[in-house]
Amino acid sequence: MTDTSRSILEMNAYSGGTETSPLLLRRQANMGPAAILFYREPLELQRASGAWLEATDGTRYLDCYNNVPSVGHCHPRVVEAVSRQIGLLNVHSRYLTEIVESYLERLLATFPEHLAHAVLTCSGSEANDLAMRMAIRATGNRGFIVTEAAYHGNTAAVADVSPSSWKSGHVPDHVRLVPAPSADAYGPSVAEGFAAAVANAARDLGEAGYGLAAFICDSVFSSDGIHADPEGFLAPAIDAVHAAGGLYIADEVQPGFGRLGHGMWGFTRHGVAPDIVTMGKPMGNGFPMAGLVGRHELFAQFCEDTGYFNTFGGNPVAAAAGMAVLDCIGEEDLIGNAARSGRLLMEGLTSIAAENNRIRALRGTGLFIGIELAKTDVPAGEGVARLIDALRQRQVLIGAAGRTGETLKLRPPLCLSASEVDFFLDALRLALREA
Ligand SMILES: Cc1ncc(COP(=O)(O)O)c(C=O)c1O
16 MTDTSRSILE MNAYSGGTET SPLLLRRQAN MGPAAILFYR EPLELQRASG
66 AWLEATDGTR YLDCYNNVPS VGHCHPRVVE AVSRQIGLLN VHSRYLTEIV
116 ESYLERLLAT FPEHLAHAVL TCSGSEANDL AMRMAIRATG NRGFIVTEAA
166 YHGNTAAVAD VSPSSWKSGH VPDHVRLVPA PSADAYGPSV AEGFAAAVAN
216 AARDLGEAGY GLAAFICDSV FSSDGIHADP EGFLAPAIDA VHAAGGLYIA
266 DEVQPGFGRL GHGMWGFTRH GVAPDIVTMG KPMGNGFPMA GLVGRHELFA
316 QFCEDTGYFN TFGGNPVAAA AGMAVLDCIG EEDLIGNAAR SGRLLMEGLT
366 SIAAENNRIR ALRGTGLFIG IELAKTDVPA GEGVARLIDA LRQRQVLIGA
416 AGRTGETLKL RPPLCLSASE VDFFLDALRL ALREA
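Number 450 marks the last residue of the sequence shown (this note's numbering); no jumps.
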């Protein structure tokens, strides 16, 4: 990380001001320096539905930021399933309950057969933490490779492999960073360049005495600025990881559950076979649930040393939420809709980019799209922050990604309609003129 890098938590964050909202003052008193809020003038929300959020002043905002309420905010089917189950039974996972087993079977059926078992947790961080422990146990190694602006979560171990959240820029001894797979970093042969960088990092970890426990990557490199194409570019890097004796952990916390408009999981676009897949965010459409799936022998080895118990992870209410999410994805053809609405968005963005030299590149697939802004005199993150504010004035909520926050990150609910795509495109045209 260079000193031009910004923590993704800092991008577009509220950093104090003249605001005197009583609720904001209460928040600051309650949380002190831990209070992080979006927007120079923070938003106070009261309800949501479909792809829309409503503020307390009645203004409605098209949600192009939040990938958790992925089947739509407050989807009635999820609300009903959670309410029914919490009125019937909710208990930790050391008893037998039909709904939990049915959910695990449905979830596992979405993965290739070699990913034989699943564990449920409450957060993506917990899932990645457990995946790292399994990798250390299976390989006997302690080193990890991640991309330069990766984010994988907030436990002590996972924060060590989440450079986008580091403020000091200090890289832990057992971690090696590789530039994200882009033509800017590797030229036209991204697949070969990325694989060589991963192989070098693995060699370096070996020489430093750590060895390679795992390469962890987000299948769409979300916080690195979204790098989805060409399909298959990841395969040589995964071969290099396995050749070095490490595991490949596919972090599907962001791209998973159909967001890429191509099956359920992002790694399948690359034709690779992860040893472990972690997931979370959209899994319960807002009900806190996450988990991992992995190969049988990894579970067996790990459980020789220690069991895994998570009081709230995978309880019957989580299973009900997860089941309702899978029902919605299937019955409402949300993966197909992500592909269709994603195509419409990309077509519209391509024509906006043709008329506007502030847009340097468009990347992504399905409903995960990055709009990279051209370098100007204004620092990259600042230019994007202005645009994010201008879009908010136009009733669109959106975020940023990339090492210097140079990329607008679009992740609307998968139910986004064609008219909502138009709403976004109109707002962006105006915001580009204004900001
Ligand atoms: C790719 C990725 N992995 C893991 C996590 C951590 O998930 P959680 O915030 O649920 O702990 C995040 C959260 O933003 C993420 O983006």
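Virtual Cβ for every residue (Gly too), placed ideally from N, Cα, C.
The criterion of a C-beta distance shorter than 8 Å is not satisfied by R310 and F383.
Look at E163 here: in three-state DSSP terms it is coil, with no helix or strand label. Within the same chain, Cβ atoms closer than 8 Å to the Cβ of G379 are found at V235, I241, A243, G357, M361, G385 and L425, the five residues on either side in sequence being excluded.
Proximity of the beta carbon of N143 to ligand 1 is indicated: a heavy atom of the ligand is located closer than 7 Å. Cβ contact annotation for P427 (same chain, cutoff 7 Å, sequence separation greater than five): A66, D78, C79 and L382, in chain order. Here D254 carries a helix assignment [DSSP, helix/strand/coil]. Counted as a single uninterrupted DSSP element, the stretch harbouring S138 is not any beta strand (DSSP E), since DSSP gives it neither H nor E. Using a Cβ distance threshold of 8 Å, G139 and G295 count as a contacting pair. For secondary structure counted as the alpha helix (DSSP H) over 4 or more consecutive residues, the region 298 to 371 holds these complete runs in sequence order: 311 to 320, 331 to 346 and 349 to 370.
Contact annotation, M147 with A229: C-beta distance approximately 7 Å; criterion of less than 8 Å satisfied.
Nearest to T326 by alpha-carbon distance, out of N105, N82 and A96, is N105. Nearest Cα to S197 within the set T154, V190 and F248: F248.
DSSP places A150 in the helix class (H, G or I) of the three-state scheme. About 5 Å separates the beta carbons of F272 and P297, which is inside the 8 Å limit, making them a contact pair. In this structure E163 is not in contact with L130, their Cβ atoms being roughly 28 Å apart against a cut-off of 8 Å. The three-state reading of DSSP puts L104 in coil, since its state is none of H, G, I, E or B.
In the displayed model, K390 falls within coil according to three-state DSSP, outside both helix and strand. Counting of Cβ neighbours within 10 angstroms places P331 among the buried residues, the total reaching 16 or more. If you check the CB distance, P57 and L39 come in under 8 Å.
DSSP places G396 in the helix class (H, G or I) of the three-state scheme. A direct Cα-Cα distance of roughly 23 Å separates T136 from T283. If you look at F439, you'll find it in the alpha helix (DSSP H) that goes A433 to E449. Distances from the alpha-carbon of L307 to those of E319, E95 and Y323 put Y323 closest. Following the DSSP letters along the chain, one finds G221 inside the alpha helix (DSSP H) bounded by residues V205 to E222. A residue is called buried once 16 or more other Cβ atoms fall within 10 Å of its Cβ, and C318, having fewer, is exposed. A Cβ-Cβ separation of about 3 Å places G261 in contact with L227 under the 8 Å criterion. S64 is bridged by DSSP to W67.
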